[in-house]
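Notes to accompany the following structure.
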Amino acid sequence: MADTFTTSLSIRQIETGTRSGTWGTETNTQYELFDNAFSYVANDLASDADATLTISDGTASNARYFYIKFTSSVSLTATRTITLAPDDSKKIWIVENATTGSQSLTFKQGSSGSTVTVSNGNTAIIYADGAGATNGAIENVLSNIQTDSIILEGSTPTLTIGDGGAED
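In my numbering, the protein residues as written are 9 to 176.
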């Protein structure tokens with residue numbers, strides 16, 4: 009039986025009896041890929057065009073990082089779409105739009121699923137639902153957060169999440 013890969017991070021699952029003589033190298037590579045899933049990377053948009061970031065099976069790629077800071081070596085002239093692939097991947101990212109040109113970035117997974125647009129200079133926590141080529145959706149994690157109350161106090165606001173001081 010051939011090696012398989014995990015669905016969301018494409019970490020190689022080495023099948024018994026395969027990869028003879030490469031266990032040390034192969035295992036270390038997979039640990040590095042797992043480490044990337046909790047790390048930061050800057051991803052430069054080298055052209056004024058849409059882009060696709062893909063989590064490749066068993067190899068390094070910017071899409072597998074947890075925090076991706078998008079920059080651009082060119083000035084963007086319009087909102088650009090970033091497709092996060094593959095379309096069956098279920099993953100959470102923190103994405104920062106630090107591009108030049110004051111344009112937004114729209115993140116998508118499938119061709120008709122929901123998208124999230126991040127304005128220039130802003131950061132969002134997003135996730136892909138992995139629903140496939142037509143229905144794969146990107147959602148904003150914080151858009152539907154539920155709390156008892158949020159209170160901002162003082163000249164330098166402090167966020168307090170709780171019941172707003174109500175007594176039981």
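C-beta atoms are modelled at their ideal positions from N, C-alpha and C, and glycine is treated no differently.
- Out of Gly66, Lys116, Ala93, Ser55, the CA that lies nearest to the CA of Thr85 is found in Ser55.
- The three-state secondary structure of Phe78, taken from DSSP, is strand.
- Asp52 has Thr79 as its beta-bridge partners, per DSSP.
- The shortest CA-to-CA distance from Ser110 to any of Ser80, Ala132, Ser119, Gly138 is the one to Ser80.
- The three-state reading of DSSP puts Asp137 in strand, counting E and B together.
- If the five residues before and after Gly129 are omitted, its C-beta is found closer than 6 Å to no C-beta atom of its own chain.
- Straight across, the Cα-Cα distance linking Asp96 with Ser28 is about 30 Å.
- Taking C-alpha positions only, Ser127 is separated from Phe78 by approximately 12 Å.
- Secondary structure of Gln21 (DSSP, three-state): strand.
- Using a Cβ-Cβ distance cut-off of 8 Å, the region 35-50 and the region 69-76 are in contact, since at least three pairs of beta carbons, one from each stretch, lie closer than that value.
- DSSP places Asn105 within a strand segment (E or B) once states are collapsed to three.
- Counting along the chain, no beta strand (DSSP E) covers Val149, and no H or E run does either.
- Straight-line spacing of the CA atoms in Gln117 and Thr30 works out to 34 Å.
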